[in-house]
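Q:
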Ligand SMILES: [Zn+2]
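Have a look at this one:
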């Protein structure tokens with residue numbers, strides 16, 4: 006049953022009811038380390054541990070429900086993580102929607118009429134085939150166990166006879182397990198009130214296609230974009246925020262006349278490349294463009310490309326793009342009984358629009374930006390000729406959560422009298438942190454560790470000459486800037 010194979014690998018879009026390969030399985034990932042992120046020498050196996058530790062220490066990401074002992078694979082975004090994620094989403098909306106004339110935004114409900122999931126196939130097919138250990142009762146994806154044992158992952162019967170990777174116990178035959186979270190509407194808990202938390206945002210865009218098209222009077226091709234939370238009861242989540250049971254997706258449905266699909270697919274592939282290169286500014290060598298071959302795509306898809314990333318735990322999916330033909334609209338048309346076709350106002354041609362669907366995992370983009378930003382390098386200390394290792398998060402400046410730190414050289418009131426009003430003024434435009442504790446060297450290191458591009462130091466000269474020292478995060482160069490020019494100085498820096 007292909008449609009059930011690995012929905013966990015997909016972010017809801019590309020090969021939604023179909024899987025891509027997933028070579029790693031949870032008992033192994035800690036030891037499985039083949040790919041290095043780049044030539045950074047400190048990129049060792051414990052890079053993920055370093056990132057997770059930094060995220061907790063500095064307030065990017067906390068373990069979920071921690072005071073109650075946590076909840077497996079749930080994570081909370083802290084103050085800095087929240088801003089970083091918001092910045093990524095803001096750029097996404099700007100690049101893929103606002104700056105184009107052919108895209109409109111949408112925000113639909115998480116709980117939808119269950120018919121939506123009947124039409125999309127999720128009720129019937131959105132499941133994993135699992136095997137359970139008879140001894141420790143851990144559950145595993147059958148295809149993963151088979152693959153790890155060097156067997157054909159599609160030969161599901163062969164799972165009986167294999168042993169539990171955790172304890173060596175006997176494994177049961179593979180059973181189907183639907184990944185949608187169930188809930189009940191109202192007070193009665195029975196099948197008539199059963200509803201589901203959405204496993205993807207696409208459904209909301211398909212059921213609103215007619216509304217949006219008629220209200221906005223868009224002609225094809227045009228797209229509808231949405232960002233929102235999704236829920237999947239994954240059996241093997243893991244690797245920090247890489248795979249969790251609730252996660253955010255940004256995706257869009259781009260409605261087209263089928264005759265144009267090839268060129269439009271290429272256009273979007275090009276835009277996605279531009280997104281990673283110019284907006285996220287990552288090392289493009291860390292991306293793998295995986296063309297899904299015939300036979301591995303969903304039956305309705307004529308082309309699917311998975312965009313993979315060289316994570317410390319292996320090359321795995323980051324996001325994807327799929328040409329889904331008219332599969333979705335035709336299914337919704339059949340199940341709802343509504344006419345969802347489109348009539349070209351010029352040619353009079355009436356047809357069911359086809360769809361190209363790029364999908365982005367927001368949490369995975371956050372993870373990638375954390376991995377790309379992390380650097381360790383030798384930096385001079387206050388002692389002449391001595392160096393120490395500094396950890397610096399080199400986020401692209403337009404994505405950094407804190408943009409400017411205002412640091413009075415000492416806690417003396419005379420300095421606060423200049424520094425505090427300065428911080429308040431800058432806050433109207435930038436995310437600012439004010440810090441007056443500890444030595445200036447330690448404060449610089451603290452700002453480096455959260456990726457603050459500019460530190461503004463107020464010293465005793467500032468009272469006389471109305472100038473401050475601006476330190477650049479990456480070059481560590483310092484420049485004396487007049488207080489009156491500071492706003493435009495920083496604005497120019499962030500525009501670069
Ligand atoms: Zn076991």
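Numbering (our numbering), first residue to last: 6 to 501.
Backbone N, C-alpha and C define an ideal beta-carbon position, used for all residues, glycine too.
Could you compute how far the alpha carbon of residue 41 sits from the alpha carbon of residue 317?
A: Reading the chain shown from its first residue, position 36 is the one you call residue 41. Reading the chain shown from its first residue, position 312 is the one you call residue 317. Reliability of the predicted coordinates at residue 41 is poor, the pLDDT of 34 falling under 50, and the value obtained from them is presented with this limitation in mind. Between residue 41 and residue 317, the C-alpha separation is close to 6 Å.
Q: Residue 135: which of 126, 141, 496 and 145 sits nearest, CA to CA?
A: Position 130 of the chain shown, counted from the start, is the residue given in the question as residue 135. Checking every option, the nearest Cα to that of residue 135 belongs to 145.
Q: Residue 436 by DSSP, collapsed to three states: which one?
A: Looking up residue 436 in the chain shown gives position 431. If DSSP states are grouped into helix, strand and coil, residue 436 belongs with coil.
Q: Residues near ligand 1, CB to any non-hydrogen atom under 7 Å, in chain order?
A: Residue selection by CB proximity (closer than 7 Å to any heavy atom of ligand 1) returns 138, 140, 141, 143, 169, 171, 172, 173 and 174 in chain order.
Q: Which same chain residues end up closer than 7 Å to residue 468 when comparing Cβ atoms and leaving out the 5 residues on each side of it in sequence?
A: As a working note, residue 468 is residue 463 in the chain shown. Result list for residue 468: 419 and 423, in chain order.
Q: Does DSSP classify residue 60 as helix, strand or coil?
A: Along the chain shown, one-based indexing puts residue 60 at 55. It is helical.
Q: Does the stretch 317-337 come close enough to the stretch 197-212 that 3 or more CB-CB pairs lie under 8 Å?
A: yes
Q: So, is residue 496 buried or exposed, given that buried needs 16 or more other C-beta atoms within 10 angstroms?
A: Position 491 of the chain shown, counting from 1, holds the residue named residue 496. By the 10 Å Cβ count, residue 496 comes out exposed.
Q: Can you tell me the Cα-Cα spacing of residue 158 and residue 455, whole angstroms?
A: In the chain shown, residue 158 corresponds to position 153, counting from 1. In the chain shown, residue 455 corresponds to position 450, counting from 1. Taking the straight line joining both Cα atoms gives about 43 Å.
Q: Starting from the C-beta of residue 378, find all residues in its chain whose C-beta is less than 7 Å away, skip the five residues before and the five after it, and write them out in chain order.
A: Here residue 378 is taken as the residue at index 373 of the chain shown, counted from 1. Taken in chain order, the residues that qualify are 398, 399, 400 and 456.
Q: Quick one: any contact between the stretch 253-261 and the stretch 352-362, if contact means 3 or more CB pairs under 8 Å?
A: yes
Q: When you compare each of 212, 166, 70 and 110 to residue 122 by their alpha carbons, which one comes out closest?
A: The sequence position of residue 122 within the chain shown is 117, counting from 1. Minimum Cα distance to residue 122 is reached at 212.
Q: Could you tell me which residues DSSP pairs with residue 80 in its beta bridges?
A: Within the chain shown, numbered from 1, the residue matching residue 80 stands at position 75. DSSP lists 68 as partners of residue 80.
Q: Pairing CB atoms from the stretch 234-249 with CB atoms from the stretch 270-278, are three or more of them under 8 Å?
A: With a cut-off of 8 Å, the stretch 270-278 and the stretch 234-249 do not count as touching, because too few Cβ pairs lie within range.
Q: Measuring alpha carbon to alpha carbon, tell me which of 392, 125 and 55 ends up nearest residue 339.
A: In the chain shown, the residue the question calls residue 339 occupies position 334. Residue 339 has its Cα closest to that of 125, out of 392, 125 and 55.
Q: By the DSSP assignment, the beta strand (DSSP E) with residue 192 in it spans what residues?
A: For the purposes of this step, residue 192 is identified with residue 187 of the chain shown, where counting begins at 1. Where residue 192 is concerned, there is no enclosing beta strand (DSSP E), given that its DSSP letter is neither H nor E.
Q: Inspect the CB distances between the stretch 146-155 and the stretch 165-179 and report whether three or more fall short of 8 Å.
A: yes
Q: Let's see if you can read the secondary structure: which residues bound the beta strand (DSSP E) around residue 396?
A: Position 391 of the chain shown, counted from the start, is the residue given in the question as residue 396. DSSP places residue 396 inside the beta strand (DSSP E), whose first and last residues are 392-398.
Q: Output yes or no for whether 9 Å exceeds the beta carbon distance between residue 531 and residue 185.
A: The shown model of the chain, from 6 to 501, leaves out residue 531, and the question about it has no answer.
Q: Quick one: Cα of residue 91 to Cα of residue 117, how far?
A: Position 86 of the chain shown, counted from the start, is the residue given in the question as residue 91. Position 112 of the chain shown, counted from the start, is the residue given in the question as residue 117. Using only the alpha carbons, I get a separation of about 26 Å.
Q: By Cβ distance below 6 Å, which residues in the same chain neighbour residue 452 in space, the five residues on each side in sequence not counted?
A: Here residue 452 refers to the residue found at position 447 of the chain shown. Same-chain partners within the cutoff: 410 and 460.
Q: Only counting the same chain, and skipping five residues up and downstream in sequence, which positions put a Cβ closer than 7 Å to that of residue 346?
A: To locate residue 346, count along the chain shown from 1; it is residue 341. 355, 356 and 357.
Q: How many whole angstroms separate the CB atoms of residue 200 and residue 188, which I take to be in contact at a CB cut-off of 8 Å?
A: Here residue 200 is taken as the residue at index 195 of the chain shown, counted from 1. Here residue 188 is taken as the residue at index 183 of the chain shown, counted from 1. Rounded, the Cβ-Cβ distance is 5 Å, consistent with contact.
Q: Locate the beta strand (DSSP E) running through residue 272, then write down its first and last residues.
A: Here the question's residue 272 lines up with position 267 in the chain shown. That residue, residue 272, is in no beta strand (DSSP E); its alpha helix (DSSP H) goes 266-279.
Q: Counting C-beta neighbours from all protein chains within 10 Å, is the total for residue 132 16 or more, i.e. buried, or is it exposed?
A: To locate residue 132, count along the chain shown from 1; it is residue 127. Under this definition residue 132 is a buried residue.
Q: Going straight from the alpha carbon of residue 352 to that of residue 265, what length do you get?
A: Start at 1 with the first residue of the chain shown, and residue 352 comes out as number 347. Start at 1 with the first residue of the chain shown, and residue 265 comes out as number 260. Straight-line Cα distance between these residues: approximately 15 Å.
Q: My guess is that residue 255 and residue 97 are in contact by the Cβ rule of under 8 Å, so how many angstroms apart are they, rounded?
A: Working through the chain shown from its first residue, we reach residue 255 at position 250. Working through the chain shown from its first residue, we reach residue 97 at position 92. Correct: roughly 5 Å between the Cβ atoms.
Q: Roughly how many angstroms lie between the CA atoms of residue 52 and residue 381, to the nearest whole one?
A: Position 47 of the chain shown, counted from the start, is the residue given in the question as residue 52. Position 376 of the chain shown, counted from the start, is the residue given in the question as residue 381. Roughly 11 Å separates the two Cα atoms.
Q: For residue 141, which residues of its own chain have a beta-carbon under 8 Å away from its beta-carbon, when the five flanking residues on both sides are left out?
A: On the chain shown, residue 141 is found 136 positions in, with the first residue counted as 1. Within the same chain, residue 141 has close Cβ partners 169, 171, 172 and 174.
Q: Taking a contact to mean a Cβ-Cβ separation below 9 Å, would you say residue 403 touches residue 366 in this structure?
A: Looking up residue 403 in the chain shown gives position 398. Looking up residue 366 in the chain shown gives position 361. No.
Q: Out of 462, 368, 450 and 373, point me to the one whose CA is closest to residue 235's CA.
A: For the purposes of this step, residue 235 is identified with residue 230 of the chain shown, where counting begins at 1. The option with the nearest alpha carbon to residue 235 is 368.
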